[in-house]
Amino acid sequence: MWRFTSTTFSHPDRSSRPQLGSTETPITPSVEDKIREIVPDRDLQLVVDNIGLPARAYNLAFTDGSTIGVNDGVILVALKDGHAPTADYVRKLRAALPSAFPDVLFYFQSADIVTQILNFGLPAQIDVRTVGYDRATNLRIAMELRRRIAAIPGVVDAHLQQEVDAPAFYADIDRTRAAQLGLNASTIANNINVSLSSSEQVSPNFWTDPNTGIPYYLAVQTPENKIASLNDLGNTPVSSTINTAGAQVPGQLSNVATFKRDSLPTNANQANVQPVYEVYASVQGRDLGSISSQISAVVADLQKQLSPGNNIQVIGQIQSMNDAFWDLGIGILFAAVFVYLLMVVNYQNFGDPFVVILALPATLCGIVTMLFITGTTLNVPSLMGAIMAVGVASANSILLVTFARDQQLAGKPAFDAAIEAGHTRIRPVLMTAAAMIVGMVPMAIGGAGEEQNAALARAVIGGLLFATPTTLLVVPYLFAMLRSRQDGKTAHGVFDEEIA
258 MWRFTSTTFS HPDRSSRPQL GSTETPITPS VEDKIREIVP DRDLQLVVDN IGLPARAYNL
318 AFTDGSTIGV NDGVILVALK DGHAPTADYV RKLRAALPSA FPDVLFYFQS ADIVTQILNF
378 GLPAQIDVRT VGYDRATNLR IAMELRRRIA AIPGVVDAHL QQEVDAPAFY ADIDRTRAAQ
438 LGLNASTIAN NINVSLSSSE QVSPNFWTDP NTGIPYYLAV QTPENKIASL NDLGNTPVSS
498 TINTAGAQVP GQLSNVATFK RDSLPTNANQ ANVQPVYEVY ASVQGRDLGS ISSQISAVVA
558 DLQKQLSPGN NIQVIGQIQS MNDAFWDLGI GILFAAVFVY LLMVVNYQNF GDPFVVILAL
618 PATLCGIVTM LFITGTTLNV PSLMGAIMAV GVASANSILL VTFARDQQLA GKPAFDAAIE
678 AGHTRIRPVL MTAAAMIVGM VPMAIGGAGE EQNAALARAV IGGLLFATPT TLLVVPYLFA
738 MLRSRQDGKT AHGVFDEEIA
């Protein structure tokens, strides 16, 4: 994604390449050439440009909101199978493109569907916005937000989504002079619109080819080389007037209007009817959690400068991450409690389920260790992998404890029952853990297109590598220690023989 930010009046579009005598240079081919310098031909498959707003009117709610004007463009780069890591190319382009084109704002959108879904339609991972009716103060705070967020290590592509100072021409109509020539503001505006944007904007017309059935738009528009300067723009016909002799005299825009350069906002966003200024940013080389804490500190400091009724909101993936972590934390807590209570009902005591639960800390240690060794962050996929690892480790522990408990109830001492359980259940425990680990290895490597699921696989592998020895060595020891007092007792070790 790029945005042309120069204050000159130009359209960096393939369809608006300069004609003879023009000094403007189209930006898109130059950007493409720079991309081809960085991405070699062996990895580059296709480069597609999307410049400006959609060519036909349709519901813009179905777009991602990146292109907000004619000076915006999206460059889609498709890579071949077996290409080098995408993140490496993105990192190189982030450094090379702004240096080569300082007047252009570049930022990258996430190409994977997982990130786009987690963003809930937002084109960036981080979205910090000011909300309220105090536009002047909110804009100043948004600018300061952008500056401070961009200074945080690991934050890239920080920019203000709203373009508040787009270059514009204003035609100041002399209504008295226009009335003398038989014109009004509406007629003059329509003539300017037709000249610059074609008659399709005010009176759409099309012709259908009888042979192919394809409709073609018929539009009238002034050639771009005819409006390369303010003087040319002043020569725009605005209609025909009738002089005192009754003859028609072509009128010109310069006869009824004067021109001036100024700036204006290209777009205006709202949230619950309140004006919004949004700062978009992405993450590179750091985890979102640590960056989120620093952004929270910046927001807390700038919130004090806002007038009452205005506030700063942090949404995007940060909000999704916090909500997901909170929900997952509650889910894991309730799952642990309910599983423990279910085992209590099954075993008819509190000791045996406690033995199973004591094996889980080793699983969590393995998960954290593997994530640390591989440089993987704690995220939603890794938490899902943690849940899977805990489930497998618990199942193996339950398998061993159940066998040992049956042996004890059959009359064997707790120590002998634990040894017997370890000898008997070692094969199914090892087979279950090995099958899970081996099956997760290809995913854990994180090849092309598998980066999102690598965290899940690494968490599972790390958890089982630590949980399996714990299940085979520590769980029997804990069972023997905690159940030794129940030797010789019946009825699940709760009631002795005399009471029974």
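In the numbering used here, the protein residues as written are 258 to 757.
No residue lacks a Cβ here, since even glycine has one placed at the ideal position from N, Cα and C.
Treat the numbers as computed from the prediction; the structure is a model and nothing was measured.
What's the gap between the Cα of residue i and the Cα of residue j?
| i | j | result |
| --- | --- | --- |
| P424 | L585 | 48 angstroms |
| A557 | R434 | 56 angstroms |
| A671 | G632 | 42 angstroms |
| A485 | F516 | 14 angstroms |
| F660 | A690 | 18 angstroms |
| R740 | G608 | 8 angstroms |
| T620 | H680 | 22 angstroms |
| I308 | P522 | 19 angstroms |
| V602 | P699 | 39 angstroms |
| V732 | L628 | 25 angstroms |
| V413 | G491 | 43 angstroms |
| D431 | A407 | 46 angstroms |
| N441 | Y364 | 44 angstroms |
| Q509 | T493 | 6 angstroms |
| M400 | G588 | 39 angstroms |
| Y734 | V717 | 25 angstroms |
| I409 | I683 | 51 angstroms |
| D519 | Y427 | 7 angstroms |
| P216 | N450 | This structure cannot speak to residue 216, because the chain is shown only from 258 to 757. |
| C622 | F591 | 20 angstroms |
| L617 | N710 | 23 angstroms |
| S452 | P532 | 33 angstroms |
| T727 | S639 | 21 angstroms |
| S550 | H416 | 19 angstroms |
| M641 | F582 | 11 angstroms |
| A791 | M738 | The chain is shown from 258 up to 757; residue 791 falls before or after that span and cannot be answered. |
| G719 | V327 | 51 angstroms |
| Q366 | I644 | 30 angstroms |
| Y604 | S577 | 39 angstroms |
| Q560 | I630 | 39 angstroms |
| P355 | V288 | 10 angstroms |
| M688 | A528 | 55 angstroms |
| N636 | Q478 | 54 angstroms |
| N606 | I655 | 14 angstroms |
| S553 | T634 | 19 angstroms |
| I471 | T465 | 6 angstroms |
| R742 | P685 | 28 angstroms |
| P359 | N579 | 36 angstroms |
| Q541 | I383 | 12 angstroms |
| A353 | S455 | 38 angstroms |
Can you round the beta-carbon distance between residue i and residue j to whole angstroms, since I take them to be within the 8 angstroms contact cut?
| i | j | result |
| --- | --- | --- |
| I398 | N524 | Between N524 and I398 the Cβ distance is about 19 angstroms, and since that is not below 8 angstroms, they are no contact. |
| L336 | Q302 | 6 angstroms |
| Y534 | R386 | 6 angstroms |
| F736 | V658 | 6 angstroms |
| V647 | M693 | Not a contact, Cβ separation roughly 12 angstroms. |
| V305 | I292 | The pair is not a contact, with the Cβ atoms about 12 angstroms apart (cut-off 8 angstroms). |
| A652 | Q665 | About 21 angstroms separates the two Cβ atoms, so there is no contact after all. |
| L563 | G330 | Actually they are not in contact, since the Cβ atoms of L563 and G330 sit about 34 angstroms apart, beyond 8 angstroms. |
| I445 | V495 | 5 angstroms |
| L402 | V555 | 7 angstroms |
| S539 | A381 | 6 angstroms |
| D300 | H340 | 4 angstroms |
| Y474 | E457 | 6 angstroms |
If I follow the unbroken alpha helix (DSSP H) through residue i, where does it start and stop?
| i | result |
| --- | --- |
| D466 | D466 -> no alpha helix (DSSP H), and no H or E assigned at all. |
| F611 | 608 to 614 |
| F672 | 671 to 702 |
| R518 | Where R518 is concerned, there is no enclosing alpha helix (DSSP H), although the beta strand (DSSP E) it sits in stretches over 514 to 521. |
| L739 | 732 to 740 |
| L379 | L379 -> no alpha helix (DSSP H), and no H or E assigned at all. |
| A353 | 343 to 357 |
| P286 | 285 to 295 |
| I398 | 392 to 407 |
Going by DSSP, what residue range makes up the beta strand (DSSP E) through residue i?
| i | result |
| --- | --- |
| P532 | 531 to 540 |
| G573 | 568 to 573 |
| V625 | Segment 617 to 631 is the alpha helix (DSSP H) holding V625; no beta strand (DSSP E) there. |
| A335 | 329 to 336 |
| D384 | 383 to 388 |
| Q527 | 526 to 528 |
| V361 | 361 to 363 |
| N653 | That residue, N653, is in no beta strand (DSSP E); its alpha helix (DSSP H) goes 637 to 666. |
| L303 | 301 to 308 |
Is the segment 564 to 573 touching the segment 394 to 413 in the sense that three or more CB pairs, one from each, lie closer than 8 angstroms? Enough Cβ pairs lie closer than 8 angstroms, so yes.
Would you mind listing the alpha helix (DSSP H) stretches within the segment 416 to 494 that are 4+ residues and don't spill past its ends, in chain order? Segments of the alpha helix (DSSP H) lying fully in the segment 416 to 494: 432 to 437, 442 to 454, 487 to 491.
Is the segment 286 to 297 touching the segment 348 to 367 in the sense that three or more CB pairs, one from each, lie closer than 8 angstroms? Yes, they touch.
Do the segment 576 to 596 and the segment 408 to 428 touch if we need at least three Cβ pairs shorter than 8 angstroms? Too few Cβ pairs lie closer than 8 angstroms, so no.
Could you give the uninterrupted runs of the alpha helix (DSSP H) lying entirely in the segment 551 to 606, keeping only those of 4 residues or more? Inside the segment 551 to 606, DSSP marks whole alpha helix (DSSP H) runs of 4 or more residues at positions 574 to 604, from first to last along the chain.
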